[in-house]
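Below: one structure, written as structure tokens.
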Amino acid sequence: MARFNAQRSRRRTGPAGPAAVLLTAAASVLFAAPAAHAEVVDVDYQCKTPIGNKGAVSPIDIKSTKSGDGYKLVMSFQKGVSSSPVELGKGAMKPTALIKLGGAETGDVPVSGPSNDKAIPANTPIKISDLSGTYTPKKSGKVTFTASTLTIKALGTTTTCTPGNDPKPSLSLDVKGAGGAPPPGGELPQTGPADDAIALGTLGGTVLLAGAAGTLWLTRRRQQRA
1 MARFNAQRSR RRTGPAGPAA VLLTAAASVL FAAPAAHAEV VDVDYQCKTP IGNKGAVSPI
61 DIKSTKSGDG YKLVMSFQKG VSSSPVELGK GAMKPTALIK LGGAETGDVP VSGPSNDKAI
121 PANTPIKISD LSGTYTPKKS GKVTFTASTL TIKALGTTTT CTPGNDPKPS LSLDVKGAGG
181 APPPGGELPQ TGPADDAIAL GTLGGTVLLA GAAGTLWLTR RRQQRA
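Here the numbering used here is used: position 149 in the sequence shown is 149, and no number is missing along the way.
Dropping the structure here:
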């Protein structure tokens with residue numbers, strides 16, 4: 001009798017191995033991280049100023065934060081660009097720039113920042129404040145963000161700086177456009193708030209759990225027939 005009970009116990013617990021594997025896979029899908037990539041890129045700005053051409057290399061960093069249906073972009077300059085032959089008093093300089101889109105979308109995102117909060121001495125690099133703007137996807141897929149034209153207005157003059165070294169993108173995101181269609185290739189976007197990633201993970205986990213339940217049901221039915 002004891003031997004018979006032991007065999008029945010083994011039969012009942014046999015499918016636990018495959019079920020455990022499926023549950024582990026479901027957990028790994030549930031906590032999948034959003035897909036995004038950012039890096040600091042050196043941009044060689046060539047500037048046309050009222051007193052001639054100037055150039056300066058500044059590392060550029062572009063970060064994104066999900067905001068409603070779009071993303072808030074922040075463009076940061078780690079070094080100053082251009083300079084002025086005269087002192088620029090507080091609030092005398094106003095920077096704006098364009099971020100070029102690539103990949104699934106084309107065009108530019110305008111970004112701007114506050115005027116200088118303190119005087120800038122003559123003949124010193126002009127430190128650009130963080131510039132921000134909003135990007136709302138129209139299409140789905142991978143979109144890249146690259147530093148483009150920088151414009152500095154000061155004392156009634158305009159200085160225009162363009163990248164002269166064809167810089168690489170500082171940021172790439174997998175996005176979902178307003179239509180809600182998945183990106184090319186059939187892959188669902190995995191960027192944005194953690195809620196989106198969890199929702200996708202939950203869907204994958206549900207499918208795997210359903211597979212585990214089916215395995216257990218078939219195994220028990222075969223045992224009952226035997």
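Just so you know, even glycine gets a beta-carbon here, dropped at the ideal spot from N, CA and C. Predicted model, so just to flag it, every value in this text is computed and none were measured.
DSSP lists P125 as the bridge partner or partners of S83.
For N53, the enclosing beta strand (DSSP E) begins and ends at 52-67. One thing to note: T160 has its Cβ within 7 Å of the Cβ of K48. Across the set S83, G68, K72, the C-alpha of S83 shows the shortest separation from the C-alpha of G52. If you draw a 10 Å sphere on the C-beta of V143, you find 16 or more other C-beta atoms in it, and that means buried. DSSP places T160 within a strand segment (E or B) once states are collapsed to three. Under the 8 Å Cβ criterion, the region 87-95 counts as touching the region 117-134, having at least three qualifying pairs. Looking at K100, K168, L173, the one whose alpha-carbon comes closest to that of D42 is K168.
V41: member of the beta strand (DSSP E) spanning 41-49, first to last residue. Residue burial is scored here from C-beta neighbours: P137 has at least 16 other C-beta atoms within 10 angstroms and is therefore classed as buried.
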